[in-house]
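Counting in the UniProt record's numbering, the sequence shown runs from 1 upward without gaps. See below for the structure under consideration.
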Amino acid sequence: MESNRLRDRFRSLRNDFLDSLSGLDRPHKLGDIRALDNTLAMLETTIEVFPPLKAAIGGLRDVIRNTVISKQNLREYKQIASELQSHMDTLLGCVRRTNPTWMAHSIVKISRQVTPSLSNKMMLTDVSSAIEEETQSIKTQQGRSGTSRIANALGDEDRILQSYRRVESLFRQLQIDISLSTWSSVHEHHMTSLLDKLLPASSAWYDAALSAEAYRGGCTPGTRRAIIKGFMDWTNKVDTFKLYWMSGMPGTGKTTITYTLCHMLESTKQLGACFFCSRVSPDCRDGNRVFPTIAYQLAEFSNPYRNKVCEVLSATHNIAQRNINVQFENLILKPLISVKDALPADVIVVIDALDECSSGEQILSLLVKNASKLPIKFIVASRPEPNITQQMEKIWSIPVHQAVYLHEIEKSLVQADITTYLQQALEELDIPPDSQDIERLSAYAGNLFIIAATMVWYIRGHGPVISAYRCRQRFSAKTFIEQII
Numbered sequence: 001m002e003s004n005r006l007r008d009r010f011r012s013l014r015n016d017f018l019d020s021l022s023g024l025d026r027p028h029k030l031g032d033i034r035a036l037d038n039t040l041a042m043l044e045t046t047i048e049v050f051p052p053l054k055a056a057i058g059g060l061r062d063v064i065r066n067t068v069i070s071k072q073n074l075r076e077y078k079q080i081a082s083e084l085q086s087h088m089d090t091l092l093g094c095v096r097r098t099n100p101t102w103m104a105h106s107i108v109k110i111s112r113q114v115t116p117s118l119s120n121k122m123m124l125t126d127v128s129s130a131i132e133e134e135t136q137s138i139k140t141q142q143g144r145s146g147t148s149r150i151a152n153a154l155g156d157e158d159r160i161l162q163s164y165r166r167v168e169s170l171f172r173q174l175q176i177d178i179s180l181s182t183w184s185s186v187h188e189h190h191m192t193s194l195l196d197k198l199l200p201a202s203s204a205w206y207d208a209a210l211s212a213e214a215y216r217g218g219c220t221p222g223t224r225r226a227i228i229k230g231f232m233d234w235t236n237k238v239d240t241f242k243l244y245w246m247s248g249m250p251g252t253g254k255t256t257i258t259y260t261l262c263h264m265l266e267s268t269k270q271l272g273a274c275f276f277c278s279r280v281s282p283d284c285r286d287g288n289r290v291f292p293t294i295a296y297q298l299a300e301f302s303n304p305y306r307n308k309v310c311e312v313l314s315a316t317h318n319i320a321q322r323n324i325n326v327q328f329e330n331l332i333l334k335p336l337i338s339v340k341d342a343l344p345a346d347v348i349v350v351i352d353a354l355d356e357c358s359s360g361e362q363i364l365s366l367l368v369k370n371a372s373k374l375p376i377k378f379i380v381a382s383r384p385e386p387n388i389t390q391q392m393e394k395i396w397s398i399p400v401h402q403a404v405y406l407h408e409i410e411k412s413l414v415q416a417d418i419t420t421y422l423q424q425a426l427e428e429l430d431i432p433p434d435s436q437d438i439e440r441l442s443a444y445a446g447n448l449f450i451i452a453a454t455m456v457w458y459i460r461g462h463g464p465v466i467s468a469y470r471c472r473q474r475f476s477a478k479t480f481i482e483q484i485i
């Protein structure tokens with residue numbers, strides 16, 4: 001009898017202890033989490049393209065199914081579950097409407113923003129690992145032994161609820177990020193569609209596919225050093241003239257130099273835009289395509305400029321079809337001036353072979369007259385055609401430009417570069433020409449790179465043995481130049 005009374009007394013004390021800890025009769029398991037579990041299951045299947053998040057959602061499903069909670073905290077737990085359900089429904093809809101590959105990028109991106117606030121420890125790498133950490137914390141509380149669970153009942157439940165709150169916060173922020181990214185994607189698509197109205201001439205880029213057909217290429221290493229150095233020094237100077245005009249007779253190597261400059265400027269992130277005019281391409285010889293194409297490339301180079309140009313395109317849909325003066329004012333002058341403080345100080349635009357483009361003199365005149373207002377610099381190369389030269393002479397007194405005349409460079413310097421070019425271009429022949437052959441070829445070329453290039457094309461185009469034979473045989477012919485040009 002005494003033992004029964006002690007046993008009953010112990011049970012009564014134990015129940016009183018549990019009641020004092022939990023404030024309720026028994027812990028309860030949620031009975032209305034099926035909807036949340038089903039949504040998580042669908043999300044887990046849909047997000048297969050991103051395994052870390054898939055695994056994290058699977059772990060979250062496990063702990064939710066195994067969670068028991070006291071009546072004291074049941075209301076808060078249901079509220080968290082309801083909020084999670086809402087986020088999961090929205091997130092599932094976003095995932096189904098959005099490219100899964102892009103989603104993976106978005107998830108990784110947001111992780112760098114949200115995880116620092118979740119832990120004072122080492123920053124977690126992504127949202128998925130943050131969810132897994134909270135899931136593991138919940139599992140730890142659920143896995144305590146009976147005695148330990150009784151002794152720490154309220155503390156365990158508080159920690160479980162805190163973990164669920166952090167999980168809910170993670171998904172909420174992920175949902176916000178995806179919504180913003182979706183808006184950004186739509187906005188980006190809208191801006192791209194506006195810029196496409198500029199109808200840029202893609203073949204006008206210096207190393208476009210047309211460059212092979214138009215015989216564009218860079219300088220042979222070791223040649224035209226002084227000229228290239230002069231240009232590159234100028235590009236890095238502040239408070240200097242804004243327009244560098246390179247003039248040269250046919251065959252003096254203008255395009256080769258501008259091609260090399262574009263390659264160097266692109267590697268240093270200074271090439272804002274370029275337009276290589278060419279009679280070979282209708283697009284590249286149309287003067288009405290020059291400023292729209294430059295504007296399109298500058299929009300890819302600078303976001304502030306891009307925004308301004310898109311404002312213009314939204315207000316004036318047919319700007320690419322307007323006259324050159326209107327194009328320049330609305331696509332180049334005004335937008336660049338409005339964002340001048342947001343642009344780097346060393347942005348360069350290169351225009352090559354302006355003489356091969358319709359309205360070349362008008363384009364040059366607009367650039368020179370407005371050069372002092374522009375926050376960027378221009379390099380313009382052309383032959384000394386009368387209409388272009390006259391435009392330069394009219395404004396010669398304006399201190400905004402400088403000119404270099406390739407055909408006036410000392411002949412000995414040009415011939416030294418031509419000799420270097422011939423040596424490197426012909427050294428791969430099985431029977432390469434000797435030094436005397438190179439000297440004779442250089443003498444034939446004079447100071448015209450186009451003649452040297454034509455001779456190389458002729459010699460290398462007939463096989464290595466025949467090429468060496470032709471290289472020597474033709475020196476005795478007085479009409480050598482006429483035969484190969």
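Beta carbons are placed, not taken as given, at the ideal position from N, Cα and C, and that holds for glycine.
On the DSSP bridge list, what partners appear for residue i?
i, result
"residue 228", "In the DSSP output, where bridge partners are listed per residue, residue 228 has none listed."
"residue 246", "381, 404"
Just reading off the beta strand (DSSP E) that residue i is part of, what are its end residues?
i, result
"residue 37", "Where residue 37 is concerned, there is no enclosing beta strand (DSSP E), although the alpha helix (DSSP H) it sits in stretches over 34-46."
"residue 349", "348-352"
"residue 272", "271-276"
Return the residue from the list the options that minimises the CA-CA distance to residue i.
i, options, result
"residue 245", "67, 136, 405, 435", "405"
"residue 360", "349, 382, 346", "382"
"residue 213", "86, 329, 281", "281"
"residue 193", "230, 231, 311", "311"
"residue 298", "195, 371, 379", "195"
"residue 204", "38, 301, 54, 350", "350"
"residue 309", "362, 226, 190", "190"
"residue 248", "354, 369, 132", "354"
"residue 89", "40, 162, 72", "40"
"residue 457", "37, 429, 388, 387", "429"
"residue 159", "234, 220, 76", "76"
"residue 385", "250, 56, 328", "250"
"residue 208", "59, 371, 283", "283"
At which residues does the alpha helix (DSSP H) containing residue i begin and terminate?
i, result
"residue 436", "435-445"
"residue 310", "303-315"
"residue 427", "Note, residue 427: premise wrong, no alpha helix (DSSP H); not H, not E."
"residue 460", "449-460"
"residue 262", "254-267"
"residue 361", "360-370"
"residue 326", "324-327"
"residue 336", "334-338"
"residue 320", "Note, residue 320: premise wrong, no alpha helix (DSSP H); not H, not E."
"residue 211", "210-213"
Between residue i and the rest of its own chain, which residues show a CB-CB distance below 6 Å, the 5 nearest in sequence each way excluded?
i, result
"residue 357", "277, 285, 287"
"residue 168", "80, 83, 84"
"residue 451", "445"
"residue 301", "272"
"residue 210", "203, 281"
"residue 138", "63, 160, 163"
Only counting the same chain, and skipping five residues up and downstream in sequence, which positions put a Cβ closer than 7 Å to that of residue i?
i, result
"residue 223", "417, 420, 421"
"residue 218", "256, 259, 260, 263"
"residue 232", "264"
"residue 240", "234"
"residue 388", "354, 355, 360, 361, 364, 382"
"residue 188", "none"
Are the C-beta atoms of residue i and some chain C residue less than 8 Å apart?
i, result
"residue 457", "No chain C is present in this structure, which holds just one protein chain."
Output needed for residue i: all residues of its chain with C-beta closer than 8 Å, excluding positions within five of it in sequence on either side, in chain order.
i, result
"residue 438", "419, 422, 423, 426"
"residue 172", "83, 87"
"residue 37", "61, 64, 65"
query: Are the stretch 332-350 and the stretch 371-379 touching by the rule of at least three beta carbon pairs closer than 8 Å?
result: Per the Cβ contact rule, the stretch 332-350 is in contact with the stretch 371-379 (3 or more Cβ pairs under 8 Å).
- prompt: Taking one C-beta from the stretch 267-276 and one from the stretch 286-302 each time, how about it: are there three or more such pairs within less than 8 Å?
  reply: yes
message: Below 8 Å, how does it come out for the stretch 194-213 and the stretch 315-326: are there three or more Cβ pairs, yes or no?
response: yes
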